[in-house]
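The structure appears below as structure tokens.
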Amino acid sequence: MNRDQLLQRITALDFYIIDIHLYLNTHPDDCDAVNKYNAMVMEVNALREEYVRLYGMLGMNSSTSGCSWQWIDNPWPWQYEFNFELAGDDK
Amino acid sequence: MWMYDKKLEYPIKISRPDPRMANLIITQYGGPDGELAASLRYLSQRFSMITPQAKATLNDIGTEELAHLEMVGTMVKQLTKDASLEEIKKSGMAAYYVDHDRGVYPVSAAGVPFTAAYIQSKGDPRTDLYENMAAEQKARSTYEYLINMADDPDVIAPLKFLREREIVHFQRFGESLRYVQEYLGNKKKFSMGSLGKTGAKK
Amino acid sequence: MMPEEYPEMYMPPGDGPCIPQETVIENVRLAHAYVPFEKMCYTFDPLTALKKGTAFPPLFNIYGWEKGEEYNYE
Chain A
1 MNRDQLLQRI TALDFYIIDI HLYLNTHPDD CDAVNKYNAM VMEVNALREE
51 YVRLYGMLGM NSSTSGCSWQ WIDNPWPWQY EFNFELAGDD K
Chain B
1001 MWMYDKKLEY PIKISRPDPR MANLIITQYG GPDGELAASL RYLSQRFSMI
1051 TPQAKATLND IGTEELAHLE MVGTMVKQLT KDASLEEIKK SGMAAYYVDH
1101 DRGVYPVSAA GVPFTAAYIQ SKGDPRTDLY ENMAAEQKAR STYEYLINMA
1151 DDPDVIAPLK FLREREIVHF QRFGESLRYV QEYLGNKKKF SMGSLGKTGA
1201 KK
Chain C
2001 MMPEEYPEMY MPPGDGPCIP QETVIENVRL AHAYVPFEKM CYTFDPLTAL
2051 KKGTAFPPLF NIYGWEKGEE YNYE
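In structure tokens:
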């Protein structure tokens, strides 16, 4: 996957995880949901490792860096160039 | 505590400058029903919340609102970054420009600076949850009005995303209220005023 | 909303259709408001969820609003 595709996949998975996370906060006994959540977390962690290896740091405290220190690198997320185009137009 | 994840929750890629729209969208940055108000409200209220379910909900929705604040600020920046002075003059954003240039500053669409008067943290968990449910509806309405004012699909898409989040948050606060109401309802059965906060007999 | 429409399906245990929410609330009390609990049945796949703003089909635009639609209160 190129950077945009990988970032899209990670963004989508992370979002899905957030929505299930909020659901679980009010449904703590839905174990099927917990299993789904855990599976998605495992999947996204693998993709994040790949992104960090190839393209740059992601988590503030959980990503490794090359030298020189990559965290400061442009572009930052608020910049146009950082973002990918969301595939499809059924927005 | 918070760690920063170096990406947006939802991608924002706006190619066409539009200071008119920026001047409206900024209301979800510093306005009465915006994301700064939301995050501050929930992250403040969480200290007094009861029941694990409601505490987690306040903590985590408050956190998500910071990500939304970031999205709104990003939209304002991308909409003004390459706008010419002429476009700014014609757009209604001239007054903001003279105080902030193309910087992002927390004001409402009408130019009123952010104030904590937009939020409440009443300490009463029942009261706070109703405040939050109302806040989510107000934010949803605001996003609808903003979408009505917009014409660029790259602007409308993130606004629609943010609008949908408000609906989901409302649902979660409503569910939290169920836990809080039940807890308070049961507590009342066993407490006769002389019992302390932990329900232990004095 | 049929499960066939969504590639990402979470199959709930047991047979019979999965109803994605509470439909009856008991012991309702005066001066108390109740939002029914959602129940997770089927979810959108992550990319669809991102585009729509939620992983939960029943919550997607539940008020049925469209751009340009203004509320006519009278």
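Protein chains in written order, with my numbering: chain A, 1 to 91; chain B, 1001 to 1202; chain C, 2001 to 2074. Heads up, the beta-carbon is just placed ideally off N, CA and C, and yes, glycines get one too. The model shown is predicted, which means the values in this text are computed figures rather than measured ones.
Within the same chain, and ignoring the five residues on either side of residue 23(A) in sequence, the residues whose Cβ sits closer than 8 Å to its Cβ are 30 and 33. The beta-carbon distance between residue 1149(B) and residue 1024(B), rounded to whole angstroms, is 6 Å. This is short enough to meet the 8 Å contact definition. Contact annotation for residue 1003(B) against chain A: 59, 60, 61 and 62 [CB-CB distance below 8 Å, chain order]. Interface annotation, residue 86(A): in contact with chain C, CB-CB separation under 8 Å. Its chain contains 1154 as the residues whose beta carbon lies nearer than 8 Å to that of residue 1015(B), once the 5 sequence neighbours on both sides are disregarded; these appear in chain order.
8 Å or more divides the Cβ of residue 1114(B) from the Cβ of residue 1010(B). Taking the C-beta atoms as reference points, residue 78(A) is found nearer than 8 Å to residue 1073(B).
Judged by DSSP secondary structure, residue 31(A) falls within the alpha helix (DSSP H) whose first and last residues are 31–54. Across the segment 28–51 of chain A, CB contacts with chain B closer than 8 Å involve 28, in sequence order along the chain.
Between residue 1145(B) and residue 1051(B), the CB-CB gap reaches or exceeds 8 Å.
Interface annotation, residue 17(A): not in contact with chain B, CB-CB separation never under 8 Å. For residue 1069(B), the enclosing alpha helix (DSSP H) has its first and last residue at 1052–1080.
In terms of CA proximity to residue 1117(B), 1034(B) leads the group 1017(B), 1034(B) and 1079(B). For residue 83(A), the residues of chain B that pass the 8 Å Cβ criterion are 1008, 1011, 1012 and 1013, in the order they occur in the chain. Taken through DSSP and simplified to helix, strand or coil, residue 1005(B) comes out as strand. If you draw a 10 Å sphere on the C-beta of residue 2048(C), you find 16 or more other C-beta atoms in it, and that means buried. With a threshold of 8 Å between beta carbons, residue 1039(B) makes no contact with chain A.
Judged by beta-carbon spacing, residue 1022(B) lies beyond the 8 Å limit of residue 1071(B), meaning their Cβ atoms are not closer than that value. Taking 8 Å as the CB threshold, residue 23(A) lines the interface with chain C.
Counting of Cβ neighbours within 10 angstroms places residue 67(A) among the exposed residues, the total staying below 16. Not a single CB atom of chain A sits nearer than 8 Å to the CB of residue 1087(B).
Put simply, the backbone Cα of residue 48(A) is about 18 Å away from that of residue 72(A). When 8 Å is used as the limit between beta carbons, residue 2056(C) is near these residues of chain A: 19 and 23, in chain order. When secondary structure is reduced to three states using DSSP, residue 59(A) falls in the strand class. Here the alpha carbon of residue 19(A) sits roughly 23 Å from the alpha carbon of residue 1147(B). In this structure the segment 1030–1045 of chain B does not touch the segment 5–21 of chain A; the number of beta carbon pairs closer than 8 Å is below three.
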